[in-house]
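This report refers to the structure that appears directly beneath it.
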């Protein structure tokens, strides 16, 4: 059984509470469950019988061969970026709430991690890891460090042994290093405050728990001896690399109880997705060593600049902080590193624009030079800090955790398997804490032309961390990318295009535009105030129920009055000194013209949500499982065991290869309850019924219980997913007092949007067909030539979309249209995994009588479960929007799902609507 189902009820409640309050990821929760199980098997006590305690652990976790220390010590091996510090907080909360443990000793391998841990455990810090835990809210832990333990903290008075939790944070050097003259470290010397050394005080505590961060760094040092001398009652090790480097063969820890490797973290989406990049048809033999290095660095910059544009565009479109990426070059030695920096600073290296944006980090730097470099390195996440290229040799160790490393260029000689590992851990963290669904935002790129084939061979291995390939020149344009911010067409006609770009130095040239109607600074100020007034009226649903209401005389008069007041109080005083040369604009006339233009070129989209009233309950209706697709056959025992031992991502622990459940159904049920929308307590009956139907199906064609067990063990996760997918069709939700449709905005203001495009592109005319071979590059193109579109520039994900847009421009029934930007619709649906997702429609079109959400879709996906779920949600939204609009003199809404094969030059909008629904 998995650890959770082995726990008593008290431990289950505690694990659930801590996991919820700390928002633990699944690997963190798995680790917490295992610790809770271990503590039930071996209640924590100082100086226990290690042989007996090890036997108890091995009975449940036979992969633990030894404690590796003179006390109970277990290693939780979690990949970089999964969240080891938060797990430490969860461990502390469990030990405190369940067993009354109040004394913790957190050990760091170096000063960088030491300082980071002090911050993470300090209640005043925004990164405080215990935030949200009720147990520590009113009585936060006292943090004692290697710098303040002898500054007057009276631990000898017993105050700390009452109800206060104490977290000691020390660097390993502070407890083990001798000083000049062979003297003991300061922590082992007599303290006048407590009458003994602080080390002796800690060693004498009955409930000291040792938490060792990056424990592989001090396994074979004097720190190992010092840790044993502290005599903690329990040790918890956390590391991403549970092995000691000993000669050519690493020696793995013998006390690893949970292993969640990097390959699993990547597959589960907790860190960036590493990709390897090379040139198409590249042959390293055609280049000398320096030529090859120069090419790799230059191509690394091409990737870096592509990423920079994509990150800036993404941030602007999603109202998120802009992430400034940087590139890491791994040099052979210090001389090599300095030579690389010299090359990057030359005028012929990308026009000299990286002269002041590169730093080198290596051990030969001393004094002021080193201090300045470290300061820039630590500030590299700051968008205003100039560094975009870091060249290093060996100085970037654990603890230097940044979220904006996106490109790595390894120049140090290494075999293929270690090449992708070295320094990669520093670049895996996600800038927004989770994957955003955009490749460039979620990807870490390793530029490795000469090692490409070898790395691809590594990528083909089951546990490889490399899963994707980027070809420079094909996937990433050698010319680079450009970005543009596009304003609403109505506003552009009035005052021109915005000058603010995601990255000013890499601005896309859109070509000649028409002269704006309003040219004076004063008139443009008035238009900006009108846009603000339009936005403010979004929420006045009673007075302004839809976009059309903006031109009602009373609404228009109110807007003109507000704009006049704002202009006179905000702008006119600043113009006083230019009174003789400035002319007061005709605000009333500008308001009237602006609102008319805005209405003519935009489509009013209400903000609608359906909210339950009273108590809400959810569940799954009873149904009969369709088992016709189940026909799996037994597998060889060696394959079965390998599957069980390597499926950590499915949260199957190694011991399950040798242990069996009491009932076949239990294998499937324990995987079903891992889905977020399934509660074991509420759904146990239907879970066992459906799992029983799978077992019955297996028994109908397999000849023995042994074969049934084999098939279930090997396919348990797949069977759970199969059941869960069918359960989605029978999900229900009830509210005691029913539901209410809430219209929070009568329309939504069309804000600026940002796009990126290949650097050698020019704005294309939407009506001009793409040349042969261009269709697969359409995502790097921008299109214009619109008269009815709400934006002067649009981007398409397929040529079918472009053809459809061209049709809308020519079709007499289409009055106006556009491709919605993110968040203009609030349509939620349940995807096939049971999670709530947001649907972003492809097109919105308005005719004389209706408004349509139109979704062109690949013909083969028309009956896809997620596509149909989106359709159901969109149709419901349209029904609610129609009710609101018709009540207020507006137009009905309808949804149209169109296969791409129907989007032909001869097609018409009404023809597509009549064929595929909508009216």
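In the numbering used here, the protein residues as written are 40 to 958.
Note that beta-carbon positions come from the ideal geometry of N, C-alpha and C, so glycine has one too.
| Asked | Found |
| --- | --- |
| In this structure, how does DSSP classify residue 464 when only helix, strand and coil are distinguished? | helix |
| Counting Cβ pairs closer than 8 Å, one from the stretch 816-835 and one from the stretch 560-577, do we hit at least three? | no |
| So residue 820 is in the beta strand (DSSP E); what residue range does that whole segment cover? | First-last for residue 820: undefined, no H or E at that position. |
| May I ask you to verify whether the stretch 792-812 touches the stretch 512-522, counting CB pairs closer than 8 Å and requiring at least 3? | yes |
| Using CA atoms only, rank isn't needed, just tell me which of 585, 730, 571, 872 is closest to residue 770. | 872 |
| Which one or two residues does DSSP pair with residue 446 in a beta bridge? | 366, 484 |
| Any chance the stretch 65-74 sits against the stretch 714-729, with 3 or more Cβ pairs inside 8 Å? | no |
| Provide the residue(s) that pair with residue 867 in DSSP beta bridges, ordered along the chain. | 877 |
| Helix, strand or coil for residue 851, going by three-state DSSP, please let me know. | coil |
| If I'm right that residue 314 touches residue 511 with Cβ under 8 Å, what's the distance once you round it to whole angstroms? | Wrong, their Cβ atoms sit about 11 Å apart, outside the cutoff. |
| Is it right to say residue 374 is buried, meaning 16 or more other beta carbons lie within 10 angstroms of its own, or is it exposed? | exposed |
| Where residue 381 and residue 369 are concerned, what is the direct C-alpha to C-alpha distance, given to the nearest angstrom? | 15 Å |
| Do residue 821 and residue 802 count as a contact pair if the criterion is CB distance below 7 Å? | yes |
| Under 8 Å Cβ to Cβ from residue 247, same chain only, skipping five residues before and after it: list those, please. | 85, 142, 143, 144, 241, 269, 270, 271, 272 |
| Please classify residue 275: does DSSP put it in a helix, a strand, or coil? | strand |
| Does residue 486 pass the burial test, meaning 16 or more other C-beta atoms within 10 Å, or should it be called exposed? | buried |
| Compute the Euclidean distance between the alpha carbons of residue 376 and residue 646, then round it to the nearest angstrom. | 55 Å |
| Quick check: residue 568 and residue 533, are their CB atoms within less than 7 Å of each other? | no |
| Does the stretch 918-937 come within contact of the stretch 886-897, defined as at least 3 CB pairs closer than 8 Å? | yes |
| Taking the alpha helix (DSSP H) that residue 806 falls in, what are its first and last residues? | Run containing residue 806: none; DSSP gives neither H nor E here. |
| With residue 739 as the anchor, note down where its alpha helix (DSSP H) starts and where it stops. | 719-740 |
| Does DSSP put residue 570 in a helix, a strand or coil? | helix |
| Check whether the Cβ atoms of residue 276 and residue 114 lie closer than 7 Å to each other. | yes |
| Quick check: the Cα distance between residue 210 and residue 59, rounded to an integer number of angstroms? | 31 Å |
| Mark residue 482 as exposed unless 16 or more other C-beta atoms lie within 10 angstroms of its C-beta, in which case mark it buried. | buried |
| Residue 297 and residue 585 - do their beta-carbons sit closer together than 7 Å? | no |
| Counting C-beta neighbours from all protein chains within 10 Å, is the total for residue 64 16 or more, i.e. buried, or is it exposed? | buried |
| Quick one: residues in its chain with C-beta nearer than 6 Å to the C-beta of residue 109, no 5 flanking neighbours on either side, listed in chain order? | 267 |
| With burial defined as no fewer than 16 other Cβ atoms inside 10 Å of the residue's Cβ, what is the status of residue 72: buried or exposed? | buried |
| Mapping the DSSP letters down to three states, classify residue 795 as helix, strand or coil. | strand |
| Checking 7 Å against the spacing of the C-beta atoms, do residue 157 and residue 184 come in under that value? | yes |
| Would you mind sorting residue 592 into buried or exposed? The rule is 16 or more other CB atoms within 10 Å of its CB. | exposed |
| What's the gap between the Cα of residue 484 and the Cα of residue 447? | 6 Å |
| For residue 555, which of 166, 633, 517 has the nearest alpha-carbon? | 633 |
| Can you tell me which of 856, 855, 842 puts its alpha carbon nearest to the alpha carbon of residue 943? | 842 |
| Let me make sure I understand the geometry here. Which of 864, 102, 578 has the alpha-carbon closest to that of residue 292? | 102 |
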